[in-house]
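Taken in order, the sequence shown gives residues 612 to 789; the numbers are from this note's numbering.
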Amino acid sequence: MSEYSFGYDPTDDTSDLGETNTQQPQGPKWFREGLEKLSGQVSELKAENDRLKAAQVRSQVEDTLKAKGYAPQAAGLFTGAPDKLDEWLTANGGALAKLPDGEQQQGETVTQQGPPASTVPADGQEQMRRMQEQGTQGVAPPAGTDNEIAAALNATNDFEAFTQLMKSHGNPYDWGNS
Numbered sequence: 612m613s614e615y616s617f618g619y620d621p622t623d624d625t626s627d628l629g630e631t632n633t634q635q636p637q638g639p640k641w642f643r644e645g646l647e648k649l650s651g652q653v654s655e656l657k658a659e660n661d662r663l664k665a666a667q668v669r670s671q672v673e674d675t676l677k678a679k680g681y682a683p684q685a686a687g688l689f690t691g692a693p694d695k696l697d698e699w700l701t702a703n704g705g706a707l708a709k710l711p712d713g714e715q716q717q718g719e720t721v722t723q724q725g726p727p728a729s730t731v732p733a734d735g736q737e738q739m740r741r742m743q744e745q746g747t748q749g750v751a752p753p754a755g756t757d758n759e760i761a762a763a764l765n766a767t768n769d770f771e772a773f774t775q776l777m778k779s780h781g782n783p784y785d786w787g788n789s
């Protein structure tokens, strides 16, 4: 080999024009195997994409059915495009189950009736109730808006009226001893 051969050996058949990739042979077989591998990966990705798109369409149809008052399980019966759902409901809506009147629509806020459920264990609830009662004894809750309270404070002429107003709005401080 001459000093100016630049890595080319005319007797070497596996020369790849200066690239030093001697691990994998180059050629049609290698190219076909690579394409098959890539084709398999593309097929897997396409199948996953199709599955995700179908799930998204089904979810959209379920939401639309629920918004229109139908049971969302009817989405399994509908096989068309979501924009054709109204036509399908016109033709087949009579056979579908309706949602009960009290069922919440998706996206609505649920307002709780009554006091919130307690997270205090049953054996500590009585003690919690007593502590709450002790914290509010002799103190009235504030009455009126901030503007009403400010107007009432401005209307007080003497210290006695101020003290009475403060106590009536829930301030436990004894203003007469200062």
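Glycine included, each C-beta is placed from N, C-alpha and C at the ideal position.
Model, not experiment: these values are computed from the prediction.
- Residue range 639-678 is occupied by the alpha helix (DSSP H) that includes Ala-666.
- Of the residues assessed, Leu-649 falls on the exposed side of the cut-off, its CB having fewer than 16 other CB atoms within 10 angstroms.
- With respect to Ala-665, Leu-676 sits apart: the two C-beta atoms are not nearer than 8 Å.
- Between the region 667-681 and the region 696-703 there are three or more inter-stretch CB-CB distances shorter than 8 Å, so the stretches are counted as touching.
- Residue environment analysis places Phe-689 among the buried positions, since at least 16 neighbouring C-beta atoms fall within 10 angstroms of its C-beta.
- In this structure, Ala-708 and Ala-692 do not form a Cβ contact; the two beta carbons are roughly 23 Å apart against a cut-off of 8 Å.
- Put simply, of Asn-660, His-780, Gln-743 the residue whose alpha carbon is nearest the alpha carbon of Ala-761 is His-780.
- Bounds of the alpha helix (DSSP H) holding Ala-702 are 696-703.
- With a contact defined as Cβ atoms closer than 8 Å, Val-731 and Met-739 qualify at about 5 Å.
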